[in-house]
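Protein chains: 2
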Amino acid sequence: MKIALAQQNFHVGNIEFNKQKIIQSIIKAQNAEVDLIVFSELAICGYPPKDLLLHDSFITKCLLAVEDLKEYSKNIGIIIGAPSVNKTGKGKKLYNSAYYIYENKIQKIINKSLLPTYDVFDEYRYFEPAKETDIIVHKNTNIALTICEDIWNVDKNLIYQYNPLDDLSLKQPLFVINIAASPFSYNQRDERENIIRTNCEKYNTPLFYVNQIGANTELIFDGESIVANKEGKIVCKLNSFEEDFRTFIIDNNATINIEKEDKGEQFNNKISLITEALVLGIKDYFGKSHLKRAILGLSGGIDSAVTLVLAVKALGNENVKAILLPSAFSSDHSVNDAVALCETMKVDYETINIEQPFQSFMNILDPYFANKPFDITEENMQARVRALILMSFSNKFGYILLNTSNKSEVAVGYGTLYGDMCGGLSVIGDVYKQDVCKMAEYINKDKEIIPINTIIKPPSAELRPDQKDSDSLPEYDILDKILFKYIEENKNIKQITDEGFDENIVKKVIRLVNINEHKRHQAAPILRVSHKAFGSGRCMPIVADYNFFY
Amino acid sequence: MKIALAQQNFHVGNIEFNKQKIIQSIIKAQNAEVDLIVFSELAICGYPPKDLLLHDSFITKCLLAVEDLKEYSKNIGIIIGAPSVNKTGKGKKLYNSAYYIYENKIQKIINKSLLPTYDVFDEYRYFEPAKETDIIVHKNTNIALTICEDIWNVDKNLIYQYNPLDDLSLKQPLFVINIAASPFSYNQRDERENIIRTNCEKYNTPLFYVNQIGANTELIFDGESIVANKEGKIVCKLNSFEEDFRTFIIDNNATINIEKEDKGEQFNNKISLITEALVLGIKDYFGKSHLKRAILGLSGGIDSAVTLVLAVKALGNENVKAILLPSAFSSDHSVNDAVALCETMKVDYETINIEQPFQSFMNILDPYFANKPFDITEENMQARVRALILMSFSNKFGYILLNTSNKSEVAVGYGTLYGDMCGGLSVIGDVYKQDVCKMAEYINKDKEIIPINTIIKPPSAELRPDQKDSDSLPEYDILDKILFKYIEENKNIKQITDEGFDENIVKKVIRLVNINEHKRHQAAPILRVSHKAFGSGRCMPIVADYNFFY
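From first to last, the protein sequence lines are chains A and B. Quick note, the first sequence lines up with residues 427 to 976 if you use my numbering. Quick note, the second sequence lines up with residues 427 to 976 if you use my numbering.
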């Protein structure tokens, strides 16, 4: 049997666009005499459709689009993800389904059994879990058809009561198909490969795994669809971060014939993976919103420098504009470094000194603030004057403002709400400061793009004379480690101090994270590259007492 | 058997505070020779604890607090909501449980079967559903103990596969207890009473229903705990929007002896309910965050006027400060109306003209914008200058900025991001404009508090000469109806136009709602008073194609 895997970039809600894309792949597969073509989870509507699923007109369009595929299935089996309707009158109204279409007919609909509802996933909000399993038979071959999470309840992490493959394997399928929408994080690759290997070994079958690629708001899908043999060896991986289409022949002994093994891994370390993911994240945020041009404030610091480079990679230098917004507290080198970067990247820029509007606010507020010392108020005022200027360019010319805050800042609230926290999209808000520095070095690996001075100088917000981040925060090598243990690893104060960190610093950092939930609630959507990003995957209450932590 | 219902206001995360409150009620009940005291769902930690549930130290503290209650249970049964640990090694790590404590011992732990995961609820994110039911026996009496959603799977809306009371009723309980955390919406009361009646009739038992009161960020809990007899008649309702403690005697024939029937309904229409709910919402947002003082921009319009009155009711006039921020486009009557309100409410205010900083921005942007006409950019600039001034007061003096946007504006994006959309809490963001007007009339029912002129003048943002809301939006009586049908009733264009609305207007309104998801993503938390508020209960994608609607 010849099988095609279609790894595609779908647009959430754009059912007609997705359908046309799917039809093109089916035709391509027909021309290659493929027996069965496999698309990803909820391909027809894009993943995650979220509350669009609650709208009847959305579901109707999805079902009609699936119907429209029947006419292309005369000689080829099609496996495609789409919602289906629960007609039992009990439970949630929808299933998350895999349709098996062949000979101009929907032959079978397989429903997802295990519905991820944690972190960024909320599938039980919409779907009823399948209560029974069923095999599909295509051209006399038994195939176990599963959907994403259905194969993940293995190893130590048994968060569901059962495994659909326990039942399905009794029917001796020649192989397993898993259609997925599995978002990228920099450590997801290893976990995913382990899961696939474990399933192949446990059930002694090959596995064809099809993931989508592309970004939908904060979630980035990396593709990397996988073919593994019955020993659990990965014999092929599709491309990372781009569409791909490949065919495979599997014989009746479940042997996969492949010309040469291909792991398709262009990006082989955390920093290169994150960089590539973020470029795709920006590209799809703009492209899928029918937007073209980005603007950002360029401070001379490393965060905005890295963001600018990523934006240029994603959108082209002609579509990125930088605004330099120096104040009385900005150092000369900051402006010079920012200018140098714009010139290297061939990016259009303007320099607008913020002193005049800042002083104007100081004047009108003087009667009220007269006897109060310069404090965080005036620091925030500068950040907000900058945001106002950037948003005015955005409104006047249709640029989208990119937010340049890193994860360390976002975590501890070291940023001004309605100031430097502004933006339509946060590019590096899931990247800790130390990793932003590594990204800058990675960007510079062949030649100096980001000025060396930007990379090596001590981080500063430059909102008062001689300010450094380390005046109010621990050094980033300490801070980032504590944040990682608290946010990603969910460790408590005792566990972190037991690993050798100073208890007072740990308490201070965790306290800063906890008291800034209200700020993050109003933050721009953050491109997710870690397994625990700020945003929809982390739902901490705003009004709550966090003293139990200390 | 003498039963006490303890309707209390818990603080999410503040386990020690909650425990002390609970102990006080137990002692009060002991003194009244109560046999069984009942607290609400997850009382020990407050509802909703959200991702605090994922932290071991949080769970440990909850479990220790439950243990601490044992010593108070020698002569009195205690029913209390708290998380418990799933020790089976399969499924989610926690249950949402009701503990039955008596004779210094945890006698039984009953787990919740039906886990709401829709709208603002996400319980399947944390909890494993109970797979079996069990009765409790207190002083030789069989009692069916259920948790909130466990009794809701009746009537037409069968979103779960089964009902725990089907099994429990086979064991012939004398009565049913339901411990709940059921948030307020203005139409929730009828629905809740129907559900309780239906259960009593169906299973032929009395029902004691205990709800929490108090607000936790956007969710407001109204209390209104209920006692219904076996015929489904509501024989007592506890107070609305405040703590309450009552005792009841039920005899062996399941007859509830009550001195006089008491429906405890101080607030008997939608507008009075919403008003009272929002006051509690503000009060608890501040109180539970250890904040005292609010600030807001007072425009002379109805939205900020109503918000100011609610804030004064919640916090006291000494804790509310108003800033009047007129521009060249502000009418005299706006300033006069705002001043009159401050004087009536005895609220401290300042008047700060925004022309100077606004012109300062116009000056520095002139080289870039020179040939472009005055447009929405300059309108937004004014709103952002105002926000900057308000936030400067907030930062300098520790006020929390109240957002004054109404639901109609928030829906269609008629507001400036980082401008009038700023604030720590959105007070009336779930109240349509027409209802805001009704709230103003309700506030004025005994005497003119909000100037009549504020109520009757045509709504205007006053961001350019002679501007009216109706220049760019349908009249509010049309707009609000279309919005309600789309947002609350989830109707599509055809369904709405079939009800007599102009198709082009319907399409325009729905399009405006859909293209403004990115703005709402960065909005302040909105106090929820309807059954579909913007915020965590409505998860529409930002990057998506919405054309399937049209």
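Heads up, the beta-carbon is just placed ideally off N, CA and C, and yes, glycines get one too.
Beta bridge counterpart(s) of residue i as assigned by DSSP
{"i": "Cys-488 of chain A", "result": "Answer by DSSP bridge pairing: none, since Cys-488 of chain A is not bridged."}
{"i": "Ile-749 of chain B", "result": "B:Gly-723, B:Glu-776"}
{"i": "Ile-536 of chain A", "result": "A:Ala-524"}
{"i": "Asn-829 of chain B", "result": "B:Ser-852"}
{"i": "Val-602 of chain A", "result": "A:Ala-570, A:Leu-633"}
{"i": "Phe-553 of chain A", "result": "A:Leu-520"}
{"i": "Asn-435 of chain B", "result": "B:Ile-639"}
{"i": "Val-511 of chain A", "result": "A:Leu-520"}
{"i": "Asn-683 of chain A", "result": "A:Ile-675"}
{"i": "Leu-462 of chain A", "result": "A:Ile-429, A:Gly-503"}
Residue i versus residue j: straight-line alpha-carbon distance, rounded
{"i": "Asp-648 of chain B", "j": "Val-464 of chain B", "result": "17 Å"}
{"i": "Lys-656 of chain B", "j": "Leu-633 of chain B", "result": "7 Å"}
{"i": "Gly-727 of chain A", "j": "Ile-708 of chain A", "result": "20 Å"}
{"i": "Ile-682 of chain B", "j": "Phe-674 of chain B", "result": "7 Å"}
{"i": "Pro-799 of chain A", "j": "Ile-749 of chain A", "result": "30 Å"}
{"i": "Arg-890 of chain A", "j": "Ser-753 of chain A", "result": "10 Å"}
{"i": "Tyr-851 of chain B", "j": "Phe-787 of chain B", "result": "According to the sequence as given, residue 851 of chain B is Leu; it is not Tyr. Straight-line Cα distance between these residues: approximately 28 Å."}
{"i": "Phe-484 of chain A", "j": "Lys-476 of chain A", "result": "11 Å"}
{"i": "Asp-763 of chain A", "j": "Thr-543 of chain A", "result": "45 Å"}
{"i": "Asn-797 of chain B", "j": "Glu-442 of chain A", "result": "41 Å"}
{"i": "Ile-913 of chain A", "j": "Asn-832 of chain B", "result": "35 Å"}
{"i": "Glu-943 of chain A", "j": "Ile-569 of chain A", "result": "47 Å"}
{"i": "Asn-630 of chain B", "j": "Thr-559 of chain A", "result": "38 Å"}
{"i": "Ala-491 of chain A", "j": "Lys-445 of chain A", "result": "6 Å"}
{"i": "Ile-506 of chain A", "j": "Lys-917 of chain A", "result": "40 Å"}
Own chain residues within Cβ distance below 6 Å of residue i, not counting five before or after
{"i": "Lys-534 of chain B", "result": "Tyr-526, Ile-562"}
{"i": "Asn-537 of chain A", "result": "Tyr-521, Ser-523, Ala-556"}
{"i": "Ser-756 of chain B", "result": "Glu-888"}
{"i": "Tyr-858 of chain A", "result": "Lys-833, Ser-834, Asp-906"}
{"i": "Asp-545 of chain B", "result": "Gly-963"}
Contact set for residue i: own chain, Cβ-Cβ below 7 Å, skip 5 residues either direction
{"i": "Ile-585 of chain A", "result": "Asn-579"}
{"i": "Glu-669 of chain A", "result": "Gln-433, Gln-434, Asn-435, Ile-639"}
{"i": "Ile-577 of chain B", "result": "Leu-591, Asn-604, Ile-621, Asn-625"}
{"i": "Cys-863 of chain B", "result": "Ile-728, Ile-881"}
{"i": "Ser-730 of chain B", "result": "Leu-722, Gly-723, Leu-724, Thr-830"}
{"i": "Tyr-612 of chain A", "result": "Lys-696, Leu-699, Ile-700, Val-955, Ser-956"}
{"i": "Leu-734 of chain B", "result": "Leu-722, Leu-724, Val-746, Ala-748, Leu-767, Met-771, Val-773"}
{"i": "Leu-594 of chain A", "result": "Thr-559, Ile-561, Ala-570"}
8 Å Cβ shell around residue i - same chain, five flanking residues per side excluded
{"i": "Glu-627 of chain B", "result": "Glu-657, Gly-658"}
{"i": "Glu-403 of chain B", "result": "Outside the modelled stretch of chain B, which goes from 427 to 976, sits residue 403 of chain B, for which no answer is possible."}
{"i": "Ser-898 of chain A", "result": "Tyr-840"}
{"i": "Arg-908 of chain A", "result": "Position check: residue 908 of chain A holds Ile in this sequence, whereas Arg was assumed. Cβ neighbours of Ile-908 of chain A beyond the five flanking positions: Pro-900, Ile-922, Phe-927, Ile-931, Val-932, Val-935, Ile-936."}
{"i": "Val-761 of chain B", "result": "Gly-726, Leu-750, Pro-752, Thr-777"}
{"i": "Lys-496 of chain B", "result": "Ile-527, Asn-530, Lys-531, Ile-532"}
{"i": "Tyr-498 of chain B", "result": "Ile-449, Ile-452, Ile-453, Gln-456, Ile-504"}
Any non-hydrogen atom of the ligand FMN within 7 Å of residue i CB
{"i": "Ile-463 of chain A", "result": "In the structure shown, the ligand FMN is absent, as is every other ligand, since no ligand is present at all."}
**Prompt:** What are the start and end residues of each continuous beta strand (DSSP E) run of 3 or more residues lying completely inside the region 621 to 673 of chain A, in chain order?
**Reply:** 633 to 636, 639 to 642, 645 to 648, 652 to 654, 660 to 663
**Message:** Please list, in chain order, the residues of the region 473 to 485 of chain B that have any C-beta partner in chain A closer than 9 Å.
**Reply:** Pro-474, Pro-475, Lys-476, Asp-477, Leu-478, Leu-480, His-481, Asp-482, Ser-483, Phe-484
**Item:** In chain order, each beta strand (DSSP E) run of at least 3 residues that lies wholly inside the region 781 to 829 of chain B
**Value:** 826 to 829
**Asked** Of the residues that make up the region 922 to 944 of chain B, which ones have a beta carbon closer than 7 Å to any beta carbon in chain A?
**Response** Within the region 922 to 944 of chain B, those residues whose Cβ lies closer than 7 Å to any Cβ of chain A are, in chain order, His-944.
**Message:** Counting only Cβ-Cβ distances shorter than 8 Å, please list the residues of the region 490 to 510 of chain B near chain A, keeping chain order.
**Reply:** none
**Prompt:** Between the region 741 to 758 of chain A and chain B, which residues of the former have a C-beta closer than 9 Å to a C-beta of the latter?
**Reply:** none
**Message:** Using a Cβ-Cβ cutoff of 7 Å, what residues of the region 766 to 780 of chain B are near chain A? List them in chain order.
**Reply:** The region 766 to 780 of chain B vs chain A, Cβ under 7 Å: Glu-776, Ile-778.
**Prompt:** At a Cβ cut of 7 Å, what residues of the region 564 to 597 of chain A count as close to chain B, listed as they run along the chain?
**Reply:** The region 564 to 597 of chain A vs chain B, Cβ under 7 Å: Leu-584, Ile-585, Tyr-586, Gln-587.
**Prompt:** Can you list the beta strand (DSSP E) stretches of 3 or more residues lying completely in the region 904 to 953 of chain A, in chain order?
**Reply:** none
**Item:** Contacting positions in the region 943 to 973 of chain A - beta carbon closer than 8 Å to chain B
**Value:** His-944, His-947, Gln-948, Ala-949, Ala-950, Pro-951, Ser-962, Arg-964, Cys-965, Met-966, Pro-967, Ile-968, Val-969, Ala-970, Asp-971, Tyr-972, Asn-973
**Asked** Can you list, in chain order, the residues of the region 811 to 823 of chain B whose Cβ is nearer than 9 Å to any Cβ on chain A?
**Response** Val-811, Ala-813, Leu-814, Ile-815, Met-817, Ser-818, Phe-819, Ser-820, Asn-821, Lys-822, Phe-823
**Request:** Using a Cβ-Cβ cut-off of less than 8 Å, give me the residues of the region 694 to 723 of chain A that come near chain B, in sequence order.
**Result:** Asp-710, Tyr-711, Lys-714, Ser-715
**Message:** Please identify, using Cβ separations under 7 Å, the residues of the region 655 to 687 of chain A that lie next to chain B, in order along the chain.
**Reply:** none
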